[in-house]
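The structure appears right after this line, and notes come after that.
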DNA sequence: ACCTGAACACCGTTCAAGT
DNA sequence: ACCTGAACACCGTTCAAGT
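Residue numbers (our numbering), protein chains in the order written: chain R, 1 to 186; chain B, 1 to 186.
Listed below in structure tokens is the structure:
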């Protein structure tokens, strides 16, 4: 006789995301997730292959959230402004959900890598902007330069790696301005 | 009656570094280190406070290695060339010791953060270069822009995050050139 | 069909007992 | 003074037994 479901994959992922933000990746144990959704740890394996797989699902859900924000930017006639807006959306997201951001962009190789294509909804807008700025031939390299910078900057900021004083805010805006300049062909 | 030492802190750190590169951070267990240096796991605690502390020591040793390479760059009259050389030294190091590089620059917050000041020997040369390029007022922001970019780029490259085709090598050189341009005041 | 307790293999870490 | 076995608390994961 089948018993009614006591939880769901969605609920499990939701619980995992909450634990991740409050207790960090190390606190994201199967027991903690199980307790939060009201079952015992072994039951989770009916819906999730492993802890790593669950972390992967959390990462993917977080990427989708970020993609929504990116696509909510309404593009202006000035691609330099769009580039700045994109950078600031990333930064706001990183500040709001630091652990989730690190999970996605930490590239730690310890956690499951998100599916190829998960980032598509964020990459599209960026490539459109860089194509406008530097033309199709350099658009991909420019996008990579921008992503690497934003990504590296926010990872360092979240880790408290900027220890030499000065305004981190200013350094971020400085980076936006310099990159926009660099991408503006003379 | 004292027994002769059967290992040393240096040997322990050395073993940990080897294991890190061959088996990754997850493979770096106290038991694995102990086996490699020829003692039992509990003995390690005579020389190291915890696994996290050991990881911190490994990180610091790796940072010192990188600092040596950076200081081995003989500066040219053209700061743009120095900036390019610095970027390539970082990249070569990242390729040679990917796990060590990720440990230092992963900023994962899960691993112990290296001591404030460990990076001093790498930061000094960079600040000298950016000061020459953009002047003292913007030198720190420029250094942060460069570090964030290099850091982010190499983390992504090591993680295999550049999945849209094209030459990653070209994208790196493109980034160097654009940043050097951006730092060259018109 | 889902859930559970019990069990397994593996961690990091502590500590009393050896030499 | 260093080293060890034994033990503890905690993981992720498997599986037979329940409903």
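C-beta atoms are modelled at their ideal positions from N, C-alpha and C, and glycine is treated no differently.
On the DSSP letters alone, give me the boundaries of the alpha helix (DSSP H) that residue i sits inside.
i                      : result
residue 81 of chain B  : 79–96
residue 154 of chain B : 136–158
Once DSSP output is grouped into helix, strand and coil, what is the label at residue i?
i                      : result
residue 40 of chain R  : coil
residue 74 of chain B  : coil
residue 14 of chain R  : helix
residue 118 of chain R : coil
residue 31 of chain R  : helix
residue 49 of chain R  : coil
residue 7 of chain B   : coil
residue 172 of chain R : helix
residue 106 of chain B : coil
residue 167 of chain B : coil
residue 130 of chain B : helix
residue 161 of chain B : coil
residue 184 of chain B : coil
Decide if residue i is buried, meaning its Cβ has at least 16 other Cβ atoms within 10 Å, or exposed.
i                      : result
residue 174 of chain B : buried
residue 27 of chain B  : exposed
residue 10 of chain B  : exposed
residue 41 of chain B  : exposed
residue 6 of chain R   : exposed
Report yes if the C-beta of residue i is less than 8 Å from at least one heavy atom of the ligand ATP; otherwise report no.
i                     : result
residue 85 of chain B : Ligands displayed in this structure: none; no statement on the ligand ATP is therefore possible.
*Residues of the region 42–67 of chain B with Cβ closer than 7 Å to any Cβ of chain R, in chain order*: none
*Mind listing which residues of the region 79–99 of chain R have their C-beta closer than 7 Å to chain B's C-betas, in chain order?*
none
*Determine which residues of the region 137–149 of chain R have a Cβ less than 8 Å from any Cβ of chain B, and write them out in chain order.*
138, 140, 141, 142, 144, 145, 147, 148 and 149
*Taking a Cβ distance cut-off of 9 Å, strictly less, list which residues of the region 156–178 of chain R are near chain B, in chain order.*
156, 157, 158, 159, 160, 161, 162, 163, 164, 165, 166, 167, 168, 170, 171, 172, 173, 174, 175, 177 and 178
*Members of the region 16–37 of chain R near chain B, C-beta cut-off 8 Å*: 24, 25 and 26
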